[in-house]
Structures are given as structure tokens and as C-alpha cells.
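Trainee: Would you mind keeping the following structure in view while I ask a few things?
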Amino acid sequence: MNHQFNWAVLWEYRELLLAGLKITIQLSSISIVICTVLGIILGIMRLAKNALVRLFASAYVEFFVNTPLIIQMFFWYFALPMMLPETLRFWLWSHNYEFIASVIGLSIYTSSFIAEAVRAGIQAIDKGQREAALSTGLSGFQTMWYIILPQAVRIVIPPICNQYLNLIKNSSLAMTIAVPEITFQAQAIESYTFRGFEAFTAATLIYISLTLTVSFLMSRVERWASKGQRAVVA
């Protein structure tokens with residue numbers, strides 16, 4: 063049985079693909095910002111002197127790393143609202159809560175991996191530098207902010223970039239809670255036209271374009287960070 067390709071359906075339903083692309087970019091961008099901030103904070107907390115702080119950060123990372131993202135999304139979307147007052151629940155559902163739940167799920171899940179990358183990056187810095195900074199009168203916060211983190215940035219950029227790429231790809235799971243992102247729209251086109259090959263080929267190419275763009279941007283950031291560190295050393 064020969065399949066007769068009809069790529070014209072992509073042009074006919076281009077508005078759906080563009081709408082899905084817009085949602086995917088918004089979802090990924092917001093989640094990247096949130097998970098980066100959370101990941102950095104948690105990574106630092108994992109090395110804190112306070113045992114309770116370390117325990118909390120470790121428990122957070124272990125829990126979210128070792129549970130499937132799709133289960134987490136279902137929890138935020140289906141289970142969490144049921145624990146809220148009815149008025150608040152209906153307010154959330156009437157204000158694009160599926161998008162909010164997706165951001166929460168992607169951000170929290172990815173932040174746990176970024177936290178591990180940040181922790182490893184900080185530990186890779188020679189302890190003598192921290193001791194030297196403290197001996198000059200800098201506080202622990204100042205030492206971390208001005209001495210340790212700037213050097214750790216270059217180390218953690220590659221693994222963090224990988225997590226950004228994973229986040230973009232994982233955003234496709236948002237379709238399971240009715241977020242009309244790229245995969246959702248490709249499925250819709252397939253349902254309307256029975257042209258699944260064409261629809262999902264387009265979705266695949268869009269995801270590849272997004273991830274390659276992020277990889278390029280992060281490579282530029284890594285190069286800039288490396289130049290900045292060499293300038294400081296010089």
C-alpha cells in the first residue's frame with residue numbers, strides 16, 4: 063500500500079502549527095527561567111551548612127528526579143485543585159490552569175536536575191578559593207556570589223543546556239492536560255486530515271529547530287563565560 067503524501071495540508075493548517083509553536087515557546091521560556099532560578103537555589107542549598115536545609119534540598123531533588131514527569135503533571139493539574147476551596151478551584155480552571163500546571167510541572171522537574179548540575183559545579187571549584195575569600199573578610203554569601211558562582215558558571219553551562227533541551231522536548235507532555243502546544247496541534251491536524259506522517263514530520267522539524275536554536279545560544283553563552291573567566295585570571 064503506497065502512501066500518497068500531501069504536504070499541502072501543512073499550509074492549509076498552518077495557523078494551528080503557528081499557534082502550537084507560540085504556546086511551546088511561551089511554555090518553554092517561562093519554565094526555563096523558573097527552573098534555572100529554582101535549580102541554582104537548590105544546588106546551593108544542597109551544600110549548606112545547616113543540616114535541615116541540606117535535607118530539604120536533597121529530598122526535593124530525589125523525589126522529583128525519581129518520579130515520572132507525566133505523573134507530576136497529572137498531580138498538579140488533577141489532584142492539586144481538588145485540595146483547594148471550590149471557588150479557587152473553579153477560578154483556576156477558568157484562567158488557563160492547564161498552562162500554569164504545565165509550567166509548574168516542567169519547572170519543578172527540571173530544576174531538580176539543574177540543582178545537581180549546580181552542586182557538582184560548585185564542588186568542582188577548589189576549596190582553597192573559598193577559604194581564601196573568607197580569610198579576606200568576605201561573608202559566606204559574598205564568597206558564593208562573587209567568587210564561587212562566577213567560576214562554576216562555565217562548568218555548569220553544558221549540563222544545564224542539556225536540561226533546557228530536555229525541557230523543550232518534555233513540553234510535548236503538556237498535551238496530555240489539554241495544552242494546545244505543537245504536539246497537540248499535530249495530533250489535531252492528523253485527526254482532521256488523516257495525514258499523520260505529514261503532521262508529525264512538521265512537529266518533529268519544529269522541535270529540532272527549537273533545540274538547535276537553544277544549543278547555539280547556549281554555546282555563545284558558554285564562549286562568553288569562558289572569555290570572561292580568562293580575562294579575570296589574566
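In terms of our numbering, the sequence shown opens at residue 63 and continues consecutively.
C-beta atoms are modelled at their ideal positions from N, C-alpha and C, and glycine is treated no differently.
What you are looking at is a predicted structure, and each value in this text was computed from that prediction instead of being measured.
(1) Starting from the Cα of Thr72, find the closest Cα among Glu252, Phe136, Ser120 and give me that residue.
(2) Any chance the segment 195 to 213 sits against the segment 229 to 237, with 3 or more Cβ pairs inside 8 Å?
(3) Tell me whether the segment 84 to 102 and the segment 211 to 230 touch, counting them as touching only if at least three CB pairs, one residue from each stretch, are closer than 8 Å.
(4) Can you grab the Cα-Cα spacing for the pair Phe125 / Leu79, in whole Å?
(5) From Gly105 to Trp69, what does the alpha carbon distance come to, in whole angstroms?
(6) Distance, Cα to Cα, Ala214 vs Ala186?
(7) State the Cα-Cα distance for the pair Ala296 and Lys289, rounded to the nearest angstrom.
(8) Excluding the five sequence neighbours on either side, which residues of its own chain have a C-beta within less than 6 Å of the C-beta of Ala293, listed in chain order?
(9) Taking Ile209 as the reference, give the member of Gly190, Val99, Leu154, Gly101 with the closest Cα.
Mentor: A quick look at the data gives this:
(1) Working through the sequence shown from its first residue, we reach residue 72 at position 10. Checking the displayed sequence, the identity of residue 72 turns out to be Leu instead of Thr. Comparing Cα-Cα distances from Leu72 to each of Glu252, Phe136, Ser120, the minimum goes to Glu252.
(2) Verdict: no, contact absent.
(3) Contact check between the segment 84 to 102 and the segment 211 to 230: three or more CB pairs, one atom from each, fall below 8 Å, which counts as touching.
(4) Sequence index remark: in the sequence shown, residue 125 carries index 63 (1-based). Sequence index remark: in the sequence shown, residue 79 carries index 17 (1-based). So the alpha carbons of these two residues sit roughly 35 Å apart.
(5) Residue 105 sits at position 43 when you count from the first residue of the sequence shown. Residue 69 sits at position 7 when you count from the first residue of the sequence shown. Gly105 and Trp69 have their C-alpha atoms spaced approximately 47 Å apart.
(6) For the purposes of this step, residue 214 is identified with residue 152 of the sequence shown, where counting begins at 1. For the purposes of this step, residue 186 is identified with residue 124 of the sequence shown, where counting begins at 1. Cα atoms of Ala214 and Ala186: separation of roughly 8 Å, rounded to the nearest angstrom.
(7) Residue 296 sits at position 234 when you count from the first residue of the sequence shown. Residue 289 sits at position 227 when you count from the first residue of the sequence shown. Since pLDDT at Ala296 reaches only 46, below the 50 mark, its modelled position is unreliable, and the value read off the structure follows with that caveat. Spanning the two alpha carbons is a distance of roughly 10 Å.
(8) As a working note, residue 293 is residue 231 in the sequence shown. Annotation note: pLDDT 49 at Ala293 (below 50); position unreliable, coordinate value reported separately. If you ignore the 5 residues before and after Ala293, its C-beta comes within less than 6 Å of no other C-beta in its own chain.
(9) Residue mapping note: residue 209 aligns to position 147 of the sequence shown, counting from 1. Minimum Cα distance to Ile209 is reached at Gly190.
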